[in-house]
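Every number in the numbering used here is 19 more than the matching position in the sequence shown, counting from 1. Ideal Cβ placement from N, Cα and C applies to all residues, glycine included. Reviewing the structure listed below.
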Amino acid sequence: MSDSRLDSALRESFEVTIETMAFEQAFPLDETPDDWQNTNCIHTTIHIEEPLEGTLILIASKQCAEEIAMNIVGPPEDDSPIGDSMIADTLGEIMNTVAGRLMQKLLEGSSDFTLSLPESTFGDCPEIEKEFLVQYYQLADFAIKMVALGSGFETLE
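Okay, here's the thing in structure tokens:
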């Protein structure tokens with residue numbers, strides 16, 4: 020992993036967000052976990068539109084995403100499984116917070132930036148061709164992948 024400004028800002032933004040919202044500690048991993056799979060997962064994407072262009076993608080197993088959502092919103096009253104829409108909304112809020120924290124760090128406190136609405140998709144995750152920065156984290160029994168891509172991030176290196 021690189022020690023770039025983007026790498027450290029994204030790492031801190033993700034770790035603080037997970038700790039404060041999901042009450043979990045995210046441990047950075049130095050390499051792809053041996054059991055990493057892009058199947059039966061959720062990937063949540065948010066686009067940074069101004070003042071630079073870039074995309075952040077969070078990829079997690081559905082089971083991991085359910086646990087994160089339960090930590091944030093609590094279990095349903097009738098003990099049924101948490102619904103996909105609640106999982107998607109929760110991960111969307113996490114990504115919105117991560118992107119906001121990241122931009123605050125990269126822009127040194129400026130609040131002038133534009134983000135898209137986060138979008139979540141369930142199923143097999145598509146291959147990402149031009150991953151600019153990839154980070155893996157261990158969260159309890161699960162691994163999570165965070166990806167940054169886009170020409171705007173390349174200008175920060």
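Assign residue i to buried or exposed, taking buried as 16 or more other Cβ atoms, counted over all protein chains shown, within 10 Å of its Cβ.
i	result
A79	buried
R120	buried
P137	buried
A167	buried
F42	exposed
T174	exposed
E34	buried
E86	buried
L125	buried
E50	exposed
T64	buried
T74	buried
T109	buried
S104	exposed
S32	buried
DSSP three-state call for residue i: helix, strand or coil?
i	result
A41	helix
F172	helix
S80	strand
S139	strand
F132	coil
A162	strand
L126	coil
T58	coil
E148	coil
Alpha carbon to alpha carbon, how far is residue i from residue j?
i	j	result
Q44	L29	15 Å
Y155	R24	17 Å
A84	E72	27 Å
S129	D97	44 Å
E148	P94	36 Å
A159	D54	14 Å
I61	I37	16 Å
T150	P100	As written in the sequence, residue 150 is Glu, which differs from the Thr given in the question. Roughly 33 Å between the two C-alpha positions.
K81	M89	12 Å
D26	S170	15 Å
N59	T140	10 Å
Which residue or residues does DSSP assign as beta-bridge partners of residue i?
i	result
T64	I76, E138
V153	V166
L48	Y155
- alpha helix (DSSP H) runs contained entirely in the region 66–123, provided each spans 4 or more residues: 81–92
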